[in-house]
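Those letters in the sequence shown? Residues 526 to 655, by this note's numbering. Here the structure is laid out as structure tokens; the discussion comes afterwards.
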Amino acid sequence: DNSVKHLMWYVMDVALRDEETQKKGVLIINNMAGASRDSMNRNAIQGVLHSLQNLIPVRLGGIRLFNQPWFFSWIFPVVSMFMKAKLRERIRVLGTDYAALGEWCEPPSIPEQLGGQLAWDHEAWIKIAP
């Protein structure tokens, strides 16, 4: 299933249209609440890793993972073996420590679900995204 990889490519494409984003880079915030073992598809994970490490021309400031499911502690060590050191060093698994996100982002840029002030509406964004 390539839908996760395609979604990531689309979001990165839209983000990179902004000159400021091109200069400063991106911070990926992944709220894993509700993730299931089935959503941890090996092919999807490999596609996303390959894209981030080799294909998408983006300055990746980091990846912050929140609300990871119980089985994540088994999967992540295996997955991280296939990551380049540079990517592995930029990932932080923060659980429910939403306040830690303040080290990298201002509250207006942090989604409300993670303790910030950004009222994010996926459906509205999809309608206005190029």
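Positions of the beta carbon are idealized from the N, C-alpha and C atoms, including for glycine. Quick caveat: nothing in here was measured; it's all calculated off a predicted structure.
Fill in: Residue range of the unbroken alpha helix (DSSP H) whose run includes D580
It is Leu, not Asp, that sits at residue 580 in the sequence shown. If you look at L580, you'll find it isn't in any alpha helix (DSSP H); DSSP assigns it neither H nor E.
**OP:** Label M606 either buried or exposed according to how many other C-beta atoms from any shown protein chain fall within 10 Å of its C-beta, with 16 as the threshold for buried.
**Re:** Burial call: exposed.
Beta-carbon gap between W629 and L532 smaller than 7 Å: Contact: no.
Please classify F601: does DSSP put it in a helix, a strand, or coil? In the structure shown, F601 falls within a helical segment according to DSSP collapsed to helix, strand and coil.
| Among P632, A540, P602 and M565, which residue has its Cα nearest to the Cα of V618? | It is P602.
task: May I have the straight-line CA-CA distance separating N566 from W595, to the nearest angstrom?
output: Rounded to the nearest angstrom, the two C-alpha atoms are 16 Å apart.
- Query: How many Å lie between S528 and T621 at the Cα?
  - Reply: The straight-line gap from Cα to Cα measures roughly 27 Å.
How would you write the range of the beta strand (DSSP E) that R617 sits in, first residue to last? From DSSP, the beta strand (DSSP E) with R617 extends over I616 to G620.
_For F591: DSSP bridge partner residues_ = As DSSP reads the structure, F591 sits in a beta bridge with N556 and G620.
Q | Same chain, Cβ closer than 6 Å to G640, neighbours up to 5 away in sequence not counted | A | For G640, the CB contacts under 6 Å within the same chain, skipping 5 residues up- and downstream, are Y623 in chain order.
**Request:** Classify R584 as buried or exposed, calling it buried when 16 or more other Cβ atoms lie within 10 Å of its own Cβ.
**Result:** Exposed.
Return the bridge partner residues of V539 from the DSSP annotation.
BP columns for V539 are empty, so no partner.
Beta-carbon proximity check, A558 vs N592, cutoff 7 Å: It is a contact, given that the beta carbons lie within the stated cut-off.
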